[in-house]
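A.B. asks:
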Amino acid sequence: MKKCKNDDKTYYKGTEPSPKGKGLAAHAEEEGTEETGTDGNTWVVKKVSNGSKRWVKEDGEEEDDDDGKEEADHKPTKRSRGKDEEKEEKNSHKQSSAVTESIGKLILKTEPAKFSMETDGDRTRDLKKLKSPVRDLIHQWLIESNEESGDMDLKDYSLENLMAPEDDVDEDLHDEAYYSTDWQLLTFKGKDGTFYDFNGWPGDNESGFGTYVSKNGETTRIFTNTDMVLYPSSEEFADLVKKYEQVRSDRKEGKTNAKKQKKEEE
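At position 2 of the sequence shown (counting the first as 1) the number is 2 in this note's numbering, and the numbers step up by one without a gap.
Okay, here's the thing in structure tokens:
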């Protein structure tokens, strides 16, 4: 494998269909940069849902936009709904608000349990400690966050493959940089469910997700993140995510413990 021309910390094989096959890593290029891939198609650097930059095939992006528009055109209007449907929608909104409030109390007022995988030597052992559902959530997120680039299908790779120490990374995955020396998981346990805040640095791009799992196993993605910026998965969670973003930042900088210590001293 060779080092990328625009980032010597990233590697490429030369067989990638995107411009990465020519040695150009997407994260080192400006958003909107256009280049011809090794497949002869035009690729554009775009920011994907988790905030990282990827090469996206130009024609594929246009097809996605058309699909979204068509789906919106077929959405039924409120006037066409019956009274029962409107009542059901109101009840659903009330339940949703109650769940959001419950999650808010959990992640804004509870001190989480921290689980880190920061040393290569212990990585394999530590990964085995991860159990479902969080193990499945992390695995799915890694696959999801790579899908928009179109470079490689990760579905056949296990979590151990995707989060291996650098020396043990599968040769095919090395150029995707889906390994990292640091991964962190915060777990907030409540009486009605558990919230997982997972963060890692695949491809040198800090990113992750926040997902709530209720006692009956229902999962709700609250946000995805890049660096210290959190992106709510829907407008419903916007206020909650904004508040949690500040708490999360303070906790990372150690301000939470300082406040707690000051209260105890008083």
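Note that CB positions come from ideal geometry on N, CA and C, so glycine has one too.
Per DSSP, which one or two residues make a beta bridge with VAL213?
C.D. replies: Counting from one through the sequence shown, the residue named residue 213 turns up at place 213. Beta bridge pairing from DSSP links VAL213 with THR194, THR219.
A.B. asks: Evaluate the contact criterion for the stretch 11-21 versus the stretch 34-53: three or more CB pairs, one atom per stretch, below 8 Å.
C.D. replies: yes
A.B. asks: Between which residues of its own chain and LYS323 is the CB-CB distance below 8 Å, once the five residues before and five after are set aside?
C.D. replies: No answer is possible for residue 323: the residues shown for the chain start at 1 and end at 266.
A.B. asks: Beta carbon of GLU236, beta carbon of THR100: below 8 Å?
C.D. replies: Counting from one through the sequence shown, the residue named residue 236 turns up at place 236. Counting from one through the sequence shown, the residue named residue 100 turns up at place 100. For GLU236 and THR100, yes; Cβs fall inside 8 Å.
A.B. asks: Grouping DSSP H, G and I as helix and E and B as strand, with all else coil, what is TYR244?
C.D. replies: As a working mapping, residue 244 is identified with position 244 in the sequence shown. In the structure shown, TYR244 sits in a helix (DSSP, three-state: H, G or I).
A.B. asks: To which residues does DSSP link VAL275 through a beta bridge?
C.D. replies: One cannot answer for residue 275 here, as it falls past the ends of the chain, which runs 1 to 266.
A.B. asks: On the criterion of 16 or more Cβ atoms from any shown chain inside 10 Å, does VAL44 qualify as buried, or is it exposed?
C.D. replies: Counting from 1 along the sequence shown, the entry for residue 44 is found at position 44. So VAL44 ends up on the buried side.
A.B. asks: Look up PRO112 in the DSSP assignment and say whether it is helix, strand or coil.
C.D. replies: As a working mapping, residue 112 is identified with position 112 in the sequence shown. In the structure shown, PRO112 sits in coil (DSSP, three-state: anything other than H, G, I, E or B).
A.B. asks: Taking 8 Å as the cut-off, does the stretch 125-143 touch the stretch 238-252 (at least 3 CB pairs, one atom from each stretch)?
C.D. replies: With the cut-off at 8 Å, the stretch 238-252 and the stretch 125-143 do not touch.
A.B. asks: I'd like the list of long-range same chain contacts for THR195, defined as Cβ closer than 6 Å, with 5 residues on each side in sequence excluded.
C.D. replies: As a first step, residue 195 must be located in the sequence shown, where it is residue number 195. A small correction: the amino acid at residue 195 is Phe; Thr does not occupy that position in the sequence shown. LEU106, ILE107, PHE188, TYR212.
A.B. asks: Using CA coordinates, which residue listed in GLN184, LEU127, LYS3 is at the minimum distance from ALA164?
C.D. replies: As a working note, residue 164 is residue 164 in the sequence shown. Taking only the C-alpha atoms, the option nearest ALA164 is LEU127.
A.B. asks: Take LEU269 as the anchor and find which of GLN246, LYS215, ASN216 has the nearest alpha-carbon.
C.D. replies: A question about residue 269 goes unanswered here, because the residues of the chain that appear run from 1 up to 266.
A.B. asks: Taking DSSP's pairing of strands, which residues face ARG251 in a bridge?
C.D. replies: Counting from 1 along the sequence shown, the entry for residue 251 is found at position 251. BP columns for ARG251 are empty, so no partner.
A.B. asks: Roughly how many whole angstroms lie between the Cα atoms of ALA177 and TYR12?
C.D. replies: What you label residue 177 is simply residue 177 of the sequence shown in a count that begins at 1. What you label residue 12 is simply residue 12 of the sequence shown in a count that begins at 1. Model confidence at ALA177 stands at a pLDDT of 46, short of 50, so the residue's coordinates are unreliable; what they give is reported in the following sentence. Computed Cα separation, rounded: 10 Å.
A.B. asks: Provide the residue span of the beta strand (DSSP E) that contains GLU236, from first to last.
C.D. replies: For the purposes of this step, residue 236 is identified with residue 236 of the sequence shown, where counting begins at 1. From DSSP, GLU236 is part of no beta strand (DSSP E); its letter is neither H nor E.
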